[in-house]
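Read through the structure below, which is laid out as structure tokens, and then see the notes.
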Amino acid sequence: MVNYTFINKSVIKRTTVIEGVVETVSPLRIGGSKENFDPSSLARDSILKDVQGRPIIPGSSWKGIFRSTGERILRLKNIVVCSGVGKDYCLNNTQKEREFDSGLRENIIDQALRLFWDYTCLNCKVFGTKSVIGAVRFLDSLPISYSLNTRSMIAISRTEGAVARRALVTVEYVDVGSKFNFKMMGYNLPNYAIGYLVTIMKNIHDGFTQVGGHKSRGFGFVKFNIVKFTDLGEKRIGDEDVEVKGIGDLVEGNGDEFFVKMKPFMEAFNNAKIPYPKK
Ligand SMILES: [Zn+2]
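As structure tokens, this is what we get:
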């Protein structure tokens, strides 16, 4: 009998929180309403702001960044993973969605859990997929201190038929040295999944992943500064999990130091034999 604790959220056996301060080390641009953006006018392309006019990084952006960065990491390790974009999600790819849905509908929870366990990748389990909530939640990042700036850029529009039009656009961005809070909560995460998430954070911190828009112009590099890891409950989730020794309920560290302290979790991820998804 497989232990489904990781994907079964009816009983919470472990709560993991990673919170800290994100600092921009290059300009950062999380766009506002792109739909109304008209490059033919002398436009000002504004960033996303809260009701008080402060720049924010939505939790949904973090989730997208973590998922796509994780996808790249898993593919490098030859682990099967879906993109979660459009029709490319595991339950669809394995043609198990109908069976899964009927399990849920008829309240055959064991069947739904078994199918979800067997036929979805780590990303579907951690970040969720159609009709299934993931094991992690990202809060919106609000600024602790920030400055805004603008830069003129040439925008190319193809909306007017085949002829490309060029227009000068004033692009707004969050300037270098701005600080945001960051908070991610995980439920029933195995050690290797915690290690996976920390590995993704390290990729962002080390500049292998950029956040937001204008990446090719060098935007979107951020660092995690003061980071706090709080881990309450069971210390091993599921039969396939790898034991992590020498780490308590609380780990704190500044930037690089945090990732050094969290190495045992990242090793658990590297050493885990992930038994799903089935072909
Ligand atoms: Zn998947």
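When we follow my numbering, the leftmost residue of the sequence shown carries the number 4, and every step to the right adds one.
Note that CB positions come from ideal geometry on N, CA and C, so glycine has one too.
Note that the coordinates shown come from a computational prediction; the quantities given were computed from them, not determined experimentally.
Contact annotation: the region 55-65 touches the region 136-147, with at least three C-beta pairs closer than 8 Å.
In the structure shown, G67 adopts helical secondary structure according to DSSP, grouped into three states. One Cα belongs to F224, the other to G215, and the distance between them is close to 9 Å. Closer than 6 Å to some heavy atom of ligand 1: that describes the Cβ of N126.
If the five residues before and after P280 are omitted, its C-beta is found closer than 6 Å to the C-beta atoms of V83, C93, Y122, T123 and C124, all from its own chain and listed in chain order. Along the region 130-197, the beta strand (DSSP E) occurs as fully enclosed runs of 3 or more residues at 139-141, 146-148, 151-160, 168-177 and 182-190, listed in sequence order. Ranked by Cα distance from K182, the first of T153, V25 and I10 is V25. A residue is called buried once 16 or more other Cβ atoms fall within 10 Å of its Cβ, and T173, having fewer, is exposed.
Going by beta carbons, R220 and M188 fall outside the 7 Å limit. Between I15 and Y195, the C-beta spacing is not below 7 Å. Counting the other Cβ atoms within 10 Å of the Cβ of L31 gives 16 or more, which makes it buried. DSSP, reduced to helix, strand and coil, places I59 outside both helices and strands of the structure shown, so it counts as coil. With 16 or more neighbouring CB atoms inside 10 Å of its own CB, Q213 falls in the buried class. If you look at G221, you'll find it isn't in any beta strand (DSSP E); DSSP assigns it neither H nor E. Within the same chain, and ignoring the five residues on either side of G23 in sequence, the residues whose Cβ sits closer than 7 Å to its Cβ are F185, F227, N228, I229, V230 and K231. In this structure the region 65-85 does not lie against the region 97-106, because fewer than three pairs of beta carbons, one per stretch, are closer than 8 Å.
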